[in-house]
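Enquirer:
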Amino acid sequence: MSNELEFLSRRVATGKLSRRDFLGRAAALGVSAAFANTLLSDAALAEGPVKGGVLKAGLQGGESSNVLDPALNLSQVNFSFGKAWGELLVELNPDGSLENRIAEDIGSSDDAKVWTMKIRKGIEFHDGKTVSAEDVVATLERHSDEKSKSAALGILQGIDSMKASGDEVVISLKDPNADFPYLMADYHLVIQPNGGKDNPNAGISAGPYKVTIDEPGVRYGGEKFANYWQGDKLGHAAQIEIVVINDATARTAALQGGQVNMINRVEPKVVDLVKRVPGVTIQNVSGRGFYPFNMFCDTAPFDNNDLRMALKLAMDREELLDKILRGYGKVGNDIPVNEAYPLFPDDLEQRKFDPEKAAEFYKKSGHSGSILLRTSDVAFPGAVDAAQLYQQSCAKAGIQIEIKREPGDGYWSEVWNKQPFSLSYWGGRATQDQMYSTAYVSGADWNDTRFKRPDFDKMVLTARGELDQDKRKGMYRDIAMVMRDEGGLLVPFFNQYIDASGKGVQGWVNNPAQEMCGGYALSLCWLEA
Amino acid sequence: MSSPILKLVAQRVALGILLLLAVSVLIFAGTQVLPGDVAQSILGQAATPESLANLRAELGLNDPAYIRYFRWLGGVMTGDLGTALSSGQDIATSIGGRLWNTLFLAFCAALISVPLAILLGLLAVRYRNGWVDKLISGLALASTSFPEFFIGYLLVYFFAVQWQIFPGISTVYDGMPFLERMQAIALPAAALTLVVLAQMMRMTRAAILNVMQSAYVETAELKGLSAFSIIRKHALPNAVAPIINVVMLNLAYLIVGVVVVEVIFVYPGMGQYLVDHVSKRDVPVVQAVGLIFAAVYIALNIVADIASIVANPRLRHPK
Chain L
21 MSNELEFLSR RVATGKLSRR DFLGRAAALG VSAAFANTLL SDAALAEGPV
71 KGGVLKAGLQ GGESSNVLDP ALNLSQVNFS FGKAWGELLV ELNPDGSLEN
121 RIAEDIGSSD DAKVWTMKIR KGIEFHDGKT VSAEDVVATL ERHSDEKSKS
171 AALGILQGID SMKASGDEVV ISLKDPNADF PYLMADYHLV IQPNGGKDNP
221 NAGISAGPYK VTIDEPGVRY GGEKFANYWQ GDKLGHAAQI EIVVINDATA
271 RTAALQGGQV NMINRVEPKV VDLVKRVPGV TIQNVSGRGF YPFNMFCDTA
321 PFDNNDLRMA LKLAMDREEL LDKILRGYGK VGNDIPVNEA YPLFPDDLEQ
371 RKFDPEKAAE FYKKSGHSGS ILLRTSDVAF PGAVDAAQLY QQSCAKAGIQ
421 IEIKREPGDG YWSEVWNKQP FSLSYWGGRA TQDQMYSTAY VSGADWNDTR
471 FKRPDFDKMV LTARGELDQD KRKGMYRDIA MVMRDEGGLL VPFFNQYIDA
521 SGKGVQGWVN NPAQEMCGGY ALSLCWLEA
Chain B
98 MSSPILKLVA QRVALGILLL LAVSVLIFAG TQVLPGDVAQ SILGQAATPE
148 SLANLRAELG LNDPAYIRYF RWLGGVMTGD LGTALSSGQD IATSIGGRLW
198 NTLFLAFCAA LISVPLAILL GLLAVRYRNG WVDKLISGLA LASTSFPEFF
248 IGYLLVYFFA VQWQIFPGIS TVYDGMPFLE RMQAIALPAA ALTLVVLAQM
298 MRMTRAAILN VMQSAYVETA ELKGLSAFSI IRKHALPNAV APIINVVMLN
348 LAYLIVGVVV VEVIFVYPGM GQYLVDHVSK RDVPVVQAVG LIFAAVYIAL
398 NIVADIASIV ANPRLRHPK
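Protein sequence lines correspond, in order, to chains L and B.
Quick note: the first sequence uses our numbering, first residue 21, plus one each step.
Quick note: the second sequence uses our numbering, first residue 98, plus one each step.
(1) So with CB distances below 9 Å, who are the chain L contacts of Asn-335/B?
(2) Restricting to Cα atoms, I'd like to know which of Gly-347/L, Gly-102/L and Trp-135/L is closest to Ala-222/L.
(3) Buried or exposed: which applies to Glu-261/L, given that a residue is buried once 16 or more other Cβ atoms fall within 10 Å of its Cβ?
(4) Any chance the stretch 102 to 110 of chain B sits against the stretch 302 to 322 of chain L, with 3 or more Cβ pairs inside 8 Å?
(5) What did DSSP end up calling Tyr-361/L once you bin it into helix, strand or coil?
(6) CB Arg-504/L to CB Leu-368/L, shorter than 8 Å?
(7) Give me the Cα-Cα distance between Asp-252/L and Ile-224/L, rounded to the nearest whole angstrom.
(8) Along the stretch 231 to 257 of chain L, what residues have a CB closer than 8 Å to any CB found in chain B?
(9) So, is the C-beta of Val-253/B closer than 8 Å to a C-beta in chain L?
(10) Using only CA atoms, which one of Ala-500/L, Gly-215/L, Val-151/L and Gly-278/L lies nearest to Arg-140/L?
(11) Quick check on DSSP: helix, strand or coil for Asp-125/L?
(12) Can the beta-carbon of Ala-257/B be found closer than 8 Å to that of Ala-273/L?
(13) Helix or strand or just coil, what does DSSP make of Ser-148/B?
(14) Within 8 Å of any Cβ in chain B, is that where the Cβ of Ile-260/L sits?
(15) What three-state label does DSSP hand Ile-399/B in the structure shown?
(16) Pick out whichever of Lys-231/B, Asn-347/B, Met-273/B and Ile-341/B has its Cα sitting closest to the Cα of Ala-404/B.
(17) According to DSSP, is Trp-466/L helix, strand or coil?
(18) Under a Cβ-count criterion, where at least 16 other Cβ atoms within 10 Å of its own Cβ denotes burial, should Asn-93/L be classed as buried or exposed?
(19) Is it right to say Val-122/B is buried, meaning 16 or more other beta carbons lie within 10 angstroms of its own, or is it exposed?
(20) How about the stretch 393 to 403 of chain L and the stretch 441 to 448 of chain L: do they share at least three Cβ pairs that are nearer than 8 Å?
(21) From the DSSP output, which residues share a beta bridge with Phe-441/L?
(22) When we look at the beta-carbon of His-414/B and count the other beta-carbons within 10 Å, is it buried (16 or more) or exposed?
(23) In chain L, which residues lie with their C-beta within 7 Å of the C-beta of Ala-189/B?
(24) For Phe-310/L, which beta-bridge partners are listed by DSSP?
(25) Consult DSSP for Tyr-313/B and reduce its assignment to one of helix, strand or coil.
(26) Whose C-beta lies closer than 6 Å to the C-beta of Ala-184/L among residues of the same chain, with five residues either side of it excluded?
(27) Thinking Ile-283/L and Leu-544/L are a contact (beta carbons under 8 Å), I'd like their distance in whole angstroms, please.
(28) Any beta carbon from chain L within less than 8 Å of Pro-365/B's own beta carbon?
(29) Can you find a C-beta in chain L that's less than 8 Å from the C-beta of Tyr-361/B?
(30) Rank Ala-189/B, Lys-377/B, Pro-410/B and Gly-157/B by C-alpha distance to the C-alpha of Gly-172/B and give the top, closest one.
(31) Does the ligand GDP have even one heavy atom less than 7 Å from the beta-carbon of Val-314/B?
(32) How many Å lie between Lys-169/L and Asn-214/L at the Cα?
(33) Excluding the 5 residues preceding and the 5 following Gly-430/L in the sequence, name in chain order all residues of the same chain whose CB lies nearer than 6 Å to its CB.
(34) Which of the residues in the stretch 465 to 478 of chain L, read from start to end, lie with their CB under 9 Å from any CB of chain B?
(35) Measuring only the C-alpha atoms, how far is Leu-284/B from Tyr-250/B?
(36) Is the beta carbon of Ile-4/L less than 8 Å from the beta carbon of Leu-112/L?
Structure, rendered in structure tokens:
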């Protein structure tokens, strides 16, 4: 690039030259407009984030009954807002690695049973106090209390004892767990002063933004915390605001009208329309969430693996992906994990739609008559249509499926995990071990396929304690093979998080762990000057 | 004004209170037959048996239904609406702001729609069966026939997305400058106006036309009074009772029936608040909101009753 062009593009980036003038002069130097534009955006990025201003997000998933207590955060709005004001011990990077936040260093004993976390010095809470090892222990205590309503209670059950000594927190586990640091990245485990035991809803932690507005179900706001420990690395806007917009059409309209700078949950069926709006960018990323068809392995007729195999082979995953998600996803392979997880065995054969083979297995199973499948709109968007498409592909293999459409109210209490064949969703977990041990080992509360196999449990337990990563990857391959060929899980597809950013929004980094840049969209992005 | 009127009013109010009590029982019974329970709904798919049992005990859900009902009714009598099960917040406080928002929106919509409807109704009578009448009736009926979400989306599409005159989302908050607030509620108020306009306008037209056929109007015509003064001086005062009735009905609708419009325009009013808590099985909130809605409805109907009594000499001086 000529010095002249470089000089000019820097002048545009600093606002001393207009874009139009730049393009004119670049043309005079014999440069194509497309190339000149590339130069320009490179220069803008090199110039770094624009500080200040107000960044607004319009998000689905907030209700007037929500509270700020991170232990009770379940919906998307609280998730994103929690990432703006809260700080965790560690955080999951987009590439699946861990980034140390409040924990400066994490180490374990050789058997992965005792973990020591060194607490970073000099991090300040929004109320001016300094984050101490005691605060961390108090937080973990609050979430792991048997009486606690914390959604993180399940993942902390493996903790035997913990104590703070100086600037270190030492945690002893009941069983070895090589994934322990990943568990600490759970978004509920926001470190609060005295663990939030005094007032869990105070909204005080050490994140980049201080809570200024808390109107449940309406809007939330924050202003940049002057003493944020990472300084300018996160939190470029001076103020952020989240407006709760549960209606999909209203959300899109708000983005188009410029009232918000970014939205979550663009419906697959309108993505192509939204894409055409000038200034709007669709931000989609494959995640860990999937939409399973669950069969109870201990209930007739699904206690017969030939029948389960027939039902797996009779699913046309490509068609389902194409028609239900409009291609915004990836076909599943009847295991609850995908390549978004660390140590994923990526050499597994993809299961394909094979009506002949399905018919063979069906005949072998000796089953006759129709099979009842329960579905509902709340299982996932398009779940009723998915059941109907599945019914048709099963018919091609001579398997008769009867569909029962259940009311959305009470679906999670009366149908899911209660009835032997139903549709559901899973949001995914931080590690493969967490996913398997949450839902596919004998003792799990949420074993929604009633897959109870002592040998499988043992495989999961062994893999959990293995610190050698190569060996561990091999173990997860074996586990996946058992799940895929003998489990009660039918996975048509993994979904994508589809968000959209508006005019002038820069700095977006997709994160497969969660929507909205893993919840950090408001802290990562800035508005072009 | 004599004692018979006072007696009538007292009767109506007493009846209204009785009705309100009956409604509270109905609402309570209704929330009991909903599938699932509060604890399950709060924790959703992420519920474990332990956390469910803990939450249920903490919320007092293990007591029999009638005990919970009377405990709550006693609270309401003393002005205590209780705390929301799902968020632990005081219901009276959190409803306060939202009720005000809903009333404000309803008031603005009424301020536009009621005079407009009556004026259009009068115009339609004056030019009855002519093209003005047909145009007014046609447009009003058309706007009422569309479902309100469709009207809402149309308004958003043109005024918020295409022309960007008004904001498409109406998130209002405390301390919002008045002009900004008016701008924010312009579209929902317009949508509500279009929805309620036709009924009031048609009723005005029908009621006045009815009176226009009576002998004294003919006399007035023979006296040579102009068409407008006949309508204003002779017809309107005698048609006022049914008009007030339909106006009150629509005012009640503006307050209790705005759920859809509130959701479309993301307006923080009572409707959205109710929907959120119904889906969480938050019985105290659902009951409180239901009771407020019922009270508004019953009160407006009493006002309509009393107004038509006062407006009608025959009812005012019964033999």
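Every residue gets a Cβ at the ideal spot worked out from N, C-alpha and C, and that includes glycine.
Expert: Reading it off the structure:
(1) Result: empty, since nearest Cβ-Cβ is about 45 Å, beyond 9 Å.
(2) The option with the nearest alpha carbon to Ala-222/L is Gly-102/L.
(3) Counting the other CB atoms within 10 Å of its CB gives Glu-261/L a total of 16 or more, which places it among the buried residues.
(4) Short answer: they don't touch.
(5) Tyr-361/L carries a coil assignment under DSSP once its states are collapsed to helix, strand and coil.
(6) Yes; because the gap between Cβ atoms is below 8 Å, this pair is in contact.
(7) C-alpha of Asp-252/L to C-alpha of Ile-224/L: approximately 20 Å in a straight line.
(8) Listed by position along the chain: Ile-233, Glu-235, Pro-236, Gly-237, Val-238 and Arg-239.
(9) Output row for Val-253/B: interface = yes.
(10) The option with the nearest alpha carbon to Arg-140/L is Val-151/L.
(11) Three-state result, Asp-125/L: strand.
(12) Yes; because the gap between Cβ atoms is below 8 Å, this pair is in contact.
(13) Ser-148/B: helix per DSSP, three-state reduction.
(14) Not closer than 8 Å to any Cβ of chain B, the Cβ of Ile-260/L fails to qualify, so no.
(15) Here Ile-399/B sits in helix by DSSP.
(16) Checked all of Lys-231/B, Asn-347/B, Met-273/B and Ile-341/B; the closest Cα to Ala-404/B is Ile-341/B.
(17) Trp-466/L falls in the coil class under three-state DSSP.
(18) The residue in question, Asn-93/L, is buried, as its Cβ has 16 or more Cβ neighbours within 10 Å.
(19) Using a 10 angstroms sphere on the CB of Val-122/B, the tally of other CB atoms stays under 16, which defines it as exposed.
(20) Segment contact: the stretch 393 to 403 of chain L against the stretch 441 to 448 of chain L, three or more CB-CB distances shorter than 8 Å; contact assigned.
(21) Per the DSSP secondary-structure output, Phe-441/L pairs in a beta bridge with Met-315/L.
(22) Residue burial is scored here from C-beta neighbours: His-414/B has fewer than 16 other C-beta atoms within 10 angstroms and is therefore classed as exposed.
(23) Chain L residues near Ala-189/B: none, gap ~14 Å exceeds 7 Å.
(24) According to DSSP, which records beta bridges pairwise, Phe-310/L is partnered with Trp-446/L and Phe-514/L.
(25) Note: Tyr-313/B maps to helix in three-state DSSP.
(26) Around Ala-184/L: Ala-153, Glu-154 and Val-157.
(27) Ile-283/L to Leu-544/L, Cβ: 16 Å. No contact.
(28) So yes, Pro-365/B belongs to the interface.
(29) One detail in the question is off: residue 361/B reads as Ile in this sequence, not Tyr. By this cut-off, Ile-361/B is an interface position.
(30) Looking at the Cα atoms, Ala-189/B is the closest of the given residues.
(31) Absent from the structure shown: the ligand GDP. Ligands present: none.
(32) Here the alpha carbon of Lys-169/L sits roughly 18 Å from the alpha carbon of Asn-214/L.
(33) Here the set comprises nothing.
(34) Interface annotation for the stretch 465 to 478 of chain L against chain B: Asp-465 and Trp-466, criterion Cβ-Cβ distance under 9 Å.
(35) Looking at the two C-alpha atoms, the distance is approximately 10 Å.
(36) With chain L represented from 21 up to 549, any question about residue 4/L goes unanswered, as that position is not in the structure.
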